[in-house]
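Chemist: Residue numbers (our numbering), protein chains in the order written: chain A, 1 to 346; chain B, 347 to 692.
Heads up, the beta-carbon is just placed ideally off N, CA and C, and yes, glycines get one too.
Just so we're clear, the structure is a prediction, and the values are computed from it rather than from any experiment.
My structure is below; once you've seen it, I'll send some questions.
Protein chains: 2
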Amino acid sequence: MSPAVNRQILLASRPHGEPVPENFQLVESPMPVPVPGQVLVKTLYLSLDPYQRGRMSGSEKSYVPPIPVGGVMQAETVGEVVESTDPRFAVGDAVIGYAGWQEFAAVPAGALRKLDPSAAPLSWNLGVLGMPGLTAWVGLLDPGAPKPGETVVVGAATGAVGAIVGQIAKIHGCRVVGIAGGAAKCAIAREEFGFDECVDHKAPGLAENLRAACPNGVDVYFENVGGELFRAVLPLFNLHARIPVCGLIAHYNETALPEGPDFTPAVMREILVKRLRVQGFLVMDSFPKYPEFIGQMAGWLREGRVKYREDVTPGLENAPAEMIGLLKGKNVGKKVIQVGTQGAAI
Amino acid sequence: MSPAVNRQILLASRPHGEPVPENFQLVESPMPVPVPGQVLVKTLYLSLDPYQRGRMSGSEKSYVPPIPVGGVMQAETVGEVVESTDPRFAVGDAVIGYAGWQEFAAVPAGALRKLDPSAAPLSWNLGVLGMPGLTAWVGLLDPGAPKPGETVVVGAATGAVGAIVGQIAKIHGCRVVGIAGGAAKCAIAREEFGFDECVDHKAPGLAENLRAACPNGVDVYFENVGGELFRAVLPLFNLHARIPVCGLIAHYNETALPEGPDFTPAVMREILVKRLRVQGFLVMDSFPKYPEFIGQMAGWLREGRVKYREDVTPGLENAPAEMIGLLKGKNVGKKVIQVGTQGAAI
């Protein structure tokens, strides 16, 4: 019944700067066989997220260990149970876990969670109903603490997290200004996601354009980009503004600190004079809040108050190119690779 | 009864970088005459504080307007009422207010607060019982939120604020590591103020020495210096560490951003990965907490749990040189200029 091989994508070498196709290797491995306590899962969708770039590097400290060279690329995945040694999972069950960039994986049953396929498209559990959705929700509402009438700025405005941040901020009565790369993305942020304004960071005059889009200053900046965007927002903060730090995609491919001058004193000065609160957060600290989140988010989706856009590419073999593209802002919406088809014979 | 003249120190010109004596001018002005609603105050002590450097600059935005060129240098002062048009103040009363760098001032009665001379030496109201004490107390306990057993690091460890931060942290059960300039100051921090360790930032190997002094990492860094000290602390933060940003004395004399590389991405990365909370604060936002503060601090002083050290220089004419010195770390303890003598004929 099982095919002879399991296609996997390995980390062939660590990238220096931007990942290149040679950092990845597609291999055919023997089909995994679940030992007692494990479940054999067929991958349906795998999630591509900027944080995965950090795990490809070996030298930098991060919040989780790096992927070993020669190891399977890691990712959150939605899959289908094809063989189970655990009474909690039956063949055909839809599950979410961290099976990585491969067609099949033998996963400890305790590391899987069953999904309800009737509640929403299964892939949404990798986005608006999953880790990116929770990231947006907890980061905006907790360290961001937006109040009605305040101005919220978010970068990567059509990305998996940014688009949701903006829509939750709108629900909370804020004026929402996105920043995105290109006029097409900005149009989507405004027209599809309901942002009040969106500033194209690829057009000249980012700082001036952002200032014009924020006539009342900035009360919350949801930081998921860094670099030039942060410098453009910095002079616009109102007293007691909040900056949840969620990610820094502009820096993930950097191999050294940028050239000077050193802006740190200017940043610290704004923090002092404006009494800013800059707060790093990681979604993994907030997993206990998932039930509360999912209750709210499912309601907003049902009521049409949150719109969700996926950018799905079929074929495991396309994951490397799509990951490289993600780090350059090629995607529009949540990037997902469709690896297999539900219910199809394996 | 009044002398013919009032000696004042004016801001003669704005400093470019380090203030120089030529930025100040000692003048003899006519004795001020209080109009109805004003009180004529003889200055006994004036407070020198790093924040005053910011008010000498015209171009930079700060949290208060700059001193105009030709205007009297601003400072908090303790004085004695010599003439009053307001029933709340009588001749001989000790008062605190913002009379500036001058021997006499006619001050609106509403801008003065009466002091109890029997409670503590009058000058202490400019330090441990006043603005610097409240700054240390509110900044450490509010955004700093120290817990027993945690490691608290504070720079300018023998300064007006740093010495008090460290002692309050000790009272709250923390391990306290100071940073100060020179072995003599470090000895004072340890022996007089009870710090567990103090690292000399003028000795070679600041980063290594600080790491050795913080074997369990850093949970709270009370930031009142910036620059090299901040970079030395940055790699030592524990998860969820807090950084109250109180001041940046290392940068106050800078005329441009430092040379590169730009450390901002490294700072933001630590904020993200360690989930740091960096929080600017200004004491003026916390004046309503003054009664609570003074109750605790007066008790600690009475019980000998907080030691207080002043660095008093007599003579208004010495204020410029002492201000220049303060910005270079010349003082040990709270810097105060004694301008006049209590009860003496004017």
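Alpha carbon to alpha carbon, what distance is there between B:Q625 and B:P590?
Modeler: Their backbone Cα atoms lie some 5 angstroms apart in a straight line.
Chemist: Report yes or no: is there a C-beta of chain B within less than 8 angstroms of the C-beta of A:I249?
Modeler: No, because no Cβ of chain B sits closer than 8 angstroms to the Cβ of A:I249.
Chemist: Using a Cβ distance threshold of 8 angstroms, determine whether the segment 461 to 470 of chain B contacts the segment 428 to 445 of chain B, with at least three qualifying pairs required.
Modeler: Enough Cβ pairs lie closer than 8 angstroms, so yes.
Chemist: Please confirm if A:L257 has its CB atom under 8 angstroms from at least one CB of chain B.
Modeler: Yes, A:L257 lies at the interface with chain B (some Cβ there is under 8 angstroms from its Cβ).
Chemist: Inspect the CB distances between the segment 233 to 241 of chain A and the segment 581 to 596 of chain B and report whether three or more fall short of 8 angstroms.
Modeler: Judged by Cβ distances under 8 angstroms, the segment 233 to 241 of chain A makes no contact with the segment 581 to 596 of chain B, as fewer than three pairs qualify.
Chemist: Here's the rule I'm using: 16 or more other beta-carbon atoms within 10 Å means buried, otherwise exposed. How should A:V306 be labelled?
Modeler: Its Cβ being crowded by 16 or more others within 10 Å, A:V306 is buried.
Chemist: Of all Cβ atoms in chain A, is any one closer than 8 angstroms to the Cβ of B:K635?
Modeler: Not an interface residue.
Chemist: Quick check on A:G260 - is its C-beta less than 8 angstroms from some C-beta in chain B?
Modeler: Yes, A:G260 counts as interfacial toward chain B.
Chemist: Can you name the start and end residues of the beta strand (DSSP E) that A:F237 belongs to?
Modeler: Run containing A:F237: F237 to V245, per the beta strand (DSSP E) assignment.
Chemist: How many Å lie between A:P204 and A:G181 at the Cα?
Modeler: Between A:P204 and A:G181, the C-alpha separation is close to 12 angstroms.
Chemist: I'd like to know if B:A506 contacts chain A, where contact means its C-beta is closer than 8 angstroms to some C-beta of that chain.
Modeler: Answer no: the Cβ-Cβ gap between B:A506 and chain A never drops below 8 angstroms.
Chemist: DSSP three-state call for B:R292: helix, strand or coil?
Modeler: Residue 292 of chain B lies beyond the residue range present for chain B, which begins at 347 and ends at 692; the question has no answer from this structure.
Chemist: Strictly below 7 angstroms CB to CB, what residues from chain B border A:G226?
Modeler: Under the 7 angstroms cutoff, chain B gives P611 and M614.
Chemist: Looking only at C-alpha atoms, which of B:K460, B:D565 and B:C532 sits nearest to B:G495?
Modeler: Ranking B:K460, B:D565 and B:C532 by Cα distance to B:G495 puts B:D565 first.
Chemist: Considering only residues of the same chain and omitting the five flanking positions on each side of B:V366, which have a CB-CB separation below 8 angstroms?
Modeler: Once the five neighbours on either side are set aside, the close Cβ partners of B:V366 are I670.
Chemist: If distances are taken between C-alpha atoms only, which option among B:V682, B:E616 and B:R459 comes closest to A:H251?
Modeler: Measuring from the Cα of A:H251, the nearest candidate turns out to be B:E616.
Chemist: Given that a residue counts as buried once 16 or more other Cβ atoms are within 10 Å of its Cβ, and exposed if not, what is B:M630?
Modeler: Looking at its Cβ environment, which holds fewer than 16 other Cβ atoms inside 10 Å, B:M630 is exposed.
Chemist: Determine contact between the segment 295 to 314 of chain A and the segment 324 to 343 of chain A, defined as no fewer than three beta-carbon pairs at a distance below 8 angstroms.
Modeler: Enough Cβ pairs lie closer than 8 angstroms, so yes.
Chemist: Run the CB neighbour count on A:V5, radius 10 Å, all protein chains shown included, and call it buried at 16 or more, exposed below.
Modeler: Exposed, since its Cβ has fewer than 16 Cβ neighbours within 10 Å.
Chemist: Quick check on B:T687: buried or exposed, where buried means 16 or more other Cβ atoms within 10 Å of its Cβ?
Modeler: Exposed, by the Cβ-count rule.
Chemist: Give me the chain B residues within the contact set of A:I67, using Cβ-Cβ distance strictly less than 8 angstroms, ordered along the chain.
Modeler: Those within 8 angstroms of A:I67 in chain B number zero; the least Cβ separation is about 17 angstroms.
Chemist: Out of curiosity, what's the CA-to-CA distance linking B:A578 and A:P143?
Modeler: C-alpha separation (whole angstroms): 26 angstroms.
Chemist: Counting C-beta neighbours from all protein chains within 10 Å, is the total for B:K493 16 or more, i.e. buried, or is it exposed?
Modeler: Exposed is the call here.
Chemist: Give the interface partners of A:D285 over in chain B, defined as CB-CB distance under 8 angstroms, in chain order.
Modeler: In chain order: R621.
Chemist: If we cut at 8 angstroms on Cβ distances, does A:V245 have a partner in chain B?
Modeler: For A:V245, the answer is yes, since a Cβ of chain B falls inside 8 angstroms of its Cβ.
Chemist: A:V82 and A:Q38 look like a contact to me (Cβ under 8 angstroms); what is the Cβ gap, rounded to whole Å?
Modeler: Their Cβ separation, rounded to whole angstroms, is 12 angstroms, which puts A:V82 and A:Q38 out of contact at 8 angstroms.
Chemist: CA-CA distance, A:Y51 and A:L112?
Modeler: Taking the straight line from one Cα to the other gives about 21 angstroms.
Chemist: Assign A:D116 to buried or exposed, taking buried as 16 or more other Cβ atoms, counted over all protein chains shown, within 10 Å of its Cβ.
Modeler: Result: exposed.
Chemist: The alpha helix (DSSP H) that contains B:C560, what's its start and end?
Modeler: Segment: none, B:C560 is in no alpha helix (DSSP H) and carries neither H nor E.
Chemist: Helix, strand or coil for A:R277? Go by DSSP, reduced to three states.
Modeler: Three-state DSSP puts A:R277 in a strand.
Chemist: With distances taken Cα to Cα, identify the nearest neighbour of A:R190 among A:H201, A:V176 and A:K202.
Modeler: Out of A:H201, A:V176 and A:K202, A:V176 has the C-alpha closest to the C-alpha of A:R190.
Chemist: Just list the beta strand (DSSP E) runs in the segment 457 to 521 of chain B, keeping only unbroken ones of 3 residues or longer that don't cross its boundaries, in chain order.
Modeler: For the segment 457 to 521 of chain B, whole beta strand (DSSP E) runs of length 3 or above, ordered along the chain, are 497 to 500.
Chemist: Secondary structure at B:V545, three-state DSSP: helix, strand or coil?
Modeler: Residue state, collapsed to three classes: strand.
Chemist: Looking only at its chain, what residues have a beta carbon closer than 8 angstroms to the beta carbon of A:I171, apart from the 5 residues adjacent to it on each side?
Modeler: Here the set comprises W300, R305 and V306.
Chemist: State the beta-bridge partners of A:T77 as determined by DSSP.
Modeler: According to DSSP, which records beta bridges pairwise, A:T77 is partnered with A:L46 and A:G97.
Chemist: Keeping to the same chain, check which residues put their C-beta closer than 7 angstroms to that of B:T569; ignore five residues upstream and five downstream.
Modeler: It should be noted that the sequence gives Glu, not Thr, for residue 569 of chain B. The residues are F576, I589, P590, V591 and C592.
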